[in-house]
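In what follows, a structure is listed as structure tokens, so that the remarks can point back to it.
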Amino acid sequence: MAPARALALAFLALPAAALAQAAPSGKAGATEVTWYGHAAFVIRTPGGTVLAVDPWLSNPKTPDPDAVQKLEKVDYVLVTHGHFDHVGDAVALAKRTGAKLVASFDLGQALIAAGYPKEQAGFDTLGNVGGRIAAGDATVILVPAIHSSGFADEKGTTHPGGSPMGFVIQVKGGPTLYHTGDTDVTLDMKQIPERYGKVDVMFACIGGHFTMDPKGAALASSYVKPGVVVPMHYGTFPVLTGTPDELKAALKGGARVQVLEPGKPVKF
Ligand SMILES: [Zn+2]
């Protein structure tokens, strides 16, 4: 375990209280999203493509600490940036499932060095901001985030992880999802609906300290104009103090806030 990771884990908060809200009713052919806590989501498209985003599946809010050993099928692992709370269990998941890596080219090289199977991390799925990656019946667009992206290996040596990113995931015949990654609100976010069309669901970090806080996320939502905002990256560590209630108060109408319960799939 890297010292940075050990340090962070030592200061983990208790798992947050259940934060479930009523999930939307299932739709035939809908896209299923399961939150695993923090910034980790597993997305199943109508065509059967499975994408795992920022798969720290063993995080303190996880509904199943052994999820990395249990997921039957993962086609693509998407990692926004190099920090441990986003890379998470990517390498173990890739070895088990054969999933290809969608990430910055630089982070891809760092993860290959850390054991990510090289044949699953090639030019077809590694890219950089502005790129569009074909991922089954989804297209993943790599968009800017303002953050840092060093990747600390098991010895604690930090490697460059390239540009931190967010992901716009356009599902064929389904919703457009936007995972902000770790970022502050940026004016660049105004371009997302202009260039990539209506965002149905925005997964927005709200914890503050390392990212935007609820007020920042509300401003970001006013730029992106999604139908639904799903808060993430809060409550995992004591410093991530932003709450969904603060987000709701800051939004003052506009997008609907939907708080996911870890482990409970919802359909969009
Ligand atoms: Zn983070």
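This note's numbering numbers the first residue of the sequence shown as 1279 and each following residue consecutively.
Ideal Cβ positions, reconstructed from N, Cα and C, are used throughout, including at glycine.
Note that the structure is a prediction, hence the values are computed from the model and not measured.
Report the rounded CA-to-CA distance for residue i versus residue j, giving the unit in angstroms.
{"i": "Phe-1319", "j": "Glu-1397", "result": "24 Å"}
{"i": "Val-1369", "j": "Ala-1392", "result": "8 Å"}
{"i": "Pro-1453", "j": "Ala-1430", "result": "34 Å"}
{"i": "Pro-1395", "j": "Asp-1342", "result": "25 Å"}
{"i": "Asp-1402", "j": "Ile-1411", "result": "7 Å"}
{"i": "Ile-1321", "j": "Lys-1433", "result": "32 Å"}
{"i": "Ala-1416", "j": "Lys-1450", "result": "6 Å"}
{"i": "Pro-1324", "j": "Lys-1545", "result": "10 Å"}
{"i": "Val-1502", "j": "Gly-1326", "result": "27 Å"}
{"i": "Arg-1473", "j": "Val-1407", "result": "14 Å"}
{"i": "Gly-1400", "j": "Pro-1471", "result": "29 Å"}
{"i": "Leu-1518", "j": "Thr-1340", "result": "16 Å"}
{"i": "Met-1279", "j": "Asp-1491", "result": "Unreliable placement is indicated for Met-1279, whose pLDDT of 42 sits below 50; the coordinate value is still reported in the next sentence. Approximately 29 Å, taken between the alpha carbons."}
{"i": "Asn-1337", "j": "Asp-1363", "result": "8 Å"}
{"i": "His-1361", "j": "Arg-1374", "result": "21 Å"}
{"i": "Gln-1387", "j": "His-1437", "result": "9 Å"}
{"i": "Ala-1413", "j": "His-1359", "result": "19 Å"}
{"i": "Val-1328", "j": "Thr-1464", "result": "29 Å"}
{"i": "Glu-1524", "j": "Thr-1435", "result": "37 Å"}
{"i": "Val-1537", "j": "Leu-1389", "result": "31 Å"}
Which of helix, strand or coil does DSSP assign to residue i?
{"i": "Ala-1308", "result": "coil"}
{"i": "Lys-1545", "result": "strand"}
{"i": "Leu-1525", "result": "helix"}
{"i": "Tyr-1314", "result": "coil"}
{"i": "Gln-1299", "result": "Caution applies to Gln-1299, whose pLDDT of 37 falls short of 50 and renders its modelled position unreliable; the value that the coordinates give is listed next. Correct three-state label for Gln-1299: coil."}
{"i": "Phe-1481", "result": "strand"}
{"i": "Gly-1405", "result": "strand"}
{"i": "Pro-1492", "result": "helix"}
{"i": "Leu-1256", "result": "Outside the displayed span of the chain (1279 to 1546) sits residue 1256, for which this structure offers no information."}
{"i": "Ala-1416", "result": "strand"}
{"i": "Leu-1385", "result": "helix"}
{"i": "Leu-1329", "result": "strand"}
{"i": "Val-1502", "result": "helix"}
Spatial neighbours of residue i within its chain, please: CB distance less than 7 Å, with the 5 preceding and 5 following residues excluded, ordered by chain position.
{"i": "Leu-1335", "result": "Tyr-1314, Ala-1318, Ala-1345, Val-1346, Gly-1366, Asp-1367"}
{"i": "Phe-1383", "result": "Leu-1404, Gly-1405, Asn-1406, Gly-1440"}
{"i": "Val-1446", "result": "Ile-1419, Val-1421, Thr-1454, Tyr-1456, Ile-1470, Tyr-1474"}
{"i": "Pro-1540", "result": "Trp-1313, Tyr-1314, Gly-1315, Lys-1339, Thr-1340, Pro-1341"}
Leaving out the 5 sequence neighbours to the left and right, which residues in its chain are closer than 8 Å to residue i when beta-carbon positions are compared?
{"i": "Leu-1371", "result": "Ala-1330, Pro-1333, Leu-1335, Val-1346, Leu-1349, Val-1352, Val-1355, Ala-1377"}
{"i": "Leu-1529", "result": "Ala-1496, Ser-1499, Val-1507, Val-1535"}
For ligand 3, any of its heavy atoms closer than 8 Å to the Cβ of residue i?
{"i": "His-1361", "result": "In terms of ligand content, the structure shown lacks ligand 3 and carries ligand 1 instead."}
So, at 6 Å on beta carbons, what are the nonlocal neighbours of residue i in its own chain, with the 5 sequence-adjacent residues on each side left out?
{"i": "Val-1507", "result": "Met-1480, Ala-1482, Ser-1499, Ala-1533, Val-1535"}
{"i": "Pro-1543", "result": "Glu-1310, Thr-1312"}
{"i": "Ala-1423", "result": "Pro-1442, Met-1443, Gly-1444, Gly-1459, Thr-1461"}
Runs of beta strand (DSSP E) wholly within the region 1418–1478 (minimum 3 residues, chain order):
1443–1449, 1454–1457
Taking contact to mean 3 or more Cβ pairs, one atom from each stretch, closer than 8 Å, check whether the region 1474–1492 and the region 1500–1516 are in contact.
yes
Given 8 Å as the limit, is there contact between the region 1367–1385 and the region 1342–1359, that is, 3 or more CB pairs closer than that?
yes
Per the contact definition of three or more C-beta pairs closer than 8 Å, is the region 1456–1470 in contact with the region 1306–1316?
no
Segments of 3+ residues assigned as beta strand (DSSP E) that fall wholly inside the region 1346–1401
1354–1356, 1378–1382
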